[in-house]
Every structure is written in structure tokens, then in C-alpha cells.
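Single-structure report; data block below.
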Amino acid sequence: AAIVGALCAMFAGALKVYLGVNEIVTTVIMNWLAFKILQWLLRGPLKSPESEMWPMSPPLEAHFPYIIPGTRLHLGFLIALILAIAAYYFLFKTNLGFKFRVTGASPEVATYAGYDVKKFVLFSMAFSGAMAGLAGASEVLGVFHFLYEGIAVGLGYTSIIVALVGKNHPLAIIASAFMFGVIYNGVVFLQSATGLTYTFSKAIEGLIYLFFIVSEVLVLYRIRTIKVG
146 AAIVGALCAM
156 FAGALKVYLG
166 VNEIVTTVIM
176 NWLAFKILQW
186 LLRGPLKSPE
196 SEMWPMSPPL
206 EAHFPYIIPG
216 TRLHLGFLIA
226 LILAIAAYYF
236 LFKTNLGFKF
246 RVTGASPEVA
256 TYAGYDVKKF
266 VLFSMAFSGA
276 MAGLAGASEV
286 LGVFHFLYEG
296 IAVGLGYTSI
306 IVALVGKNHP
316 LAIIASAFMF
326 GVIYNGVVFL
336 QSATGLTYTF
346 SKAIEGLIYL
356 FFIVSEVLVL
366 YRIRTIKVG
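Taking my numbering, the leading residue of the sequence shown gets 146, the next gets one more, and so forth.
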């Protein structure tokens with residue numbers, strides 16, 4: 146999963162550095178392509194004989210062990226935690242990490258300093274794609290133990306919000322991800338306890354995310370009254 150994710154992201158990075166294609170457009174198109182490939186697999190070669198109305202794969206024999214019995218807290222949580230701490234150390238405690246941060250903040254400055262910007266962009270895209278692949282594998286092996294068509298719907302956009310709230314800092318993203326995990330599970334509990342429909346509960350979740358984004362603006366900008374005269 147990590148290798149496939151890295152290759153897909155590196156392809157988008159190559160289009161960016163060599164042809165000037167916006168990586169957002171490329172990755173959105175590739176996401177749709179990946180979804181259609183998964184859809185074809187689950188309705189064809191990977192379809193479980195027991196699934197009739199809802200296409201899914203047979204149950205997977207391999208899965209992540211649970212850290213706390215009786216919960217869904219699995220090994221993938223520890224892997225994500227270790228990788229976030231490792232990313233912090235690499236980016237903020239090493240010379241190479243400093244070069245990556247400079248390249249991300251200002252490619253022009255990095256070019257002036259003599260950094261190989263294309264190489265840094267390609268490696269950054271490949272690494273991020275590998276992490277996305279690991280996250281997907283963690284979701285399958287740690288939570289569901291099978292594949293279905295909508296298994297990753299909305300996760301990518303939620304992760305963008307998590308990163309923005311965490312200011313793109315690896316350690317802050319840990320706290321941000323935990324906070325949004327609490328919100329998500331709270332909405333799920335509210336749905337089961339009150340009988341709310343799935344659509345309405347997701348609307349509540351979306352409003353909470355929106356409030357967090359708006360609060361970022363309020364932190365950066367404050368309204369002040371100025372006496373005239």
C-alpha cells in the first residue's frame with residue numbers, strides 16, 4: 146500500500162516539476178481513477194461470493210492486533226504516532242529536514258540557495274503518498290478487515306482539515322487528529338443514541354469542522370475599535 150501510494154504521488158509530483166501541472170488537479174483526478182479501479186475490483190475479481198447488495202471483498206485473514214482488547218485501538222495508531230514523531234525530528238532537527246522546509250516555504254529561495262528543488266518535491270510527494278497508503282492499509286487491516294467501495298470517502302478532505310488546524314506541524318497534528326477523532330466518534334454516538342439520520346449527523350460534523358476553520362481566522366485577525374477625533 147505504501148509503495149503504490151508513493152508511486153502515485155510521485156507521478157503527480159513529476160507532472161508538477163517537469164510539466165507545471167497543478168498537483169491538486171492531478172491528485173483529484175487520480176483519486177477518482179483509484180476509486181473506479183477499486184469499484185471494478187470489488188464488483189469483479191475481488192467480490193465476495195456472500196455479498197449481493199453491497200459489493201465487498203472477502204474478510205481478510207491478516208489484520209493489525211488491538212492494543213486494548215474490546216476497543217478498536219489497534220497497532221496502526223502506534224505506527225502513526227511513531228511516524229509523526231519521526232517526521233518532526235527529521236524536519237526540525239536535521240539539516241536535510243531544514244532544506245525540505247525551506248523548499249516547501251519558498252521554492253525561489255531554495256533555488257537561489259542551490260537546492261535541487263525538483264528532487265525535494267518528488268521525494269516529498271512520494272513520502273506523503275506512502276503515508277497515505279499506510280493510512281489506508283491501517284483502516285482496512287485495523288478497523289474493517291475487508292474492502293468496500295466507500296471505505297475512504299471523506300477521509301482525505303478530513304485529513305486536510307486536520308493538517309490545517311495543526312498548522313502542518315507533525316506534533317500539533319497529533320493533537321489535532323485526536324481532537325477530530327473525538328468529534329467524529331461523538332457524532333457517531335449521537336447518531337446511534339438519538340436516532341438521527343446519517344446525513345443529518347454528517348451535516349453536524351461538517352458544521353463543527355467549519356467552526357474550527359473560521360476560528361483560525363478569528364485568531365489571526367481581531368476587530369478593534371479606534372476612536373476618531
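No residue lacks a Cβ here, since even glycine has one placed at the ideal position from N, Cα and C. Note that this is a predicted model, so its numbers are computed, not measured.
query	result
Same chain, Cβ closer than 7 Å to residue 157, five either side skipped, listed in chain order	168, 171, 172, 175 and 270
Whole-Å CB distance - residue 200 paired with residue 293, under 8 Å assumed	7 Å
Which listed residue (193, 291, 218 and 250) has its alpha carbon closest to that of residue 330	218
Residue environment, residue 365, which counts as buried when at least 16 other CB atoms sit within 10 Å	exposed
Contact between the stretch 330 to 346 and the stretch 310 to 322 (3+ Cβ pairs under 8 Å)	no
Beta carbon of residue 154 nearer than 8 Å to that of residue 274	yes
Runs of alpha helix (DSSP H) wholly within the stretch 242 to 326 (minimum 4 residues, chain order)	252 to 257, 262 to 284 and 300 to 310
Whole-angstrom distance between residue 241 and residue 287, CA atom to CA atom	33 Å
Same chain, Cβ closer than 7 Å to residue 252, five either side skipped, listed in chain order	262
Cα-Cα separation between residue 150 and residue 228, rounded to whole angstroms	16 Å
Unbroken alpha helix (DSSP H) run spanning residue 158, endpoints	147 to 164
Beta carbon of residue 244 nearer than 8 Å to that of residue 260	yes
CA-to-CA distance, residue 215 to residue 163, given in whole angstroms	50 Å
Which of helix, strand or coil DSSP assigns to residue 343	helix
DSSP bridge partner residues for residue 211 (one or two, in chain order)	219
Reduced DSSP category for residue 201 - H, G, I as helix; E, B as strand; rest coil	strand
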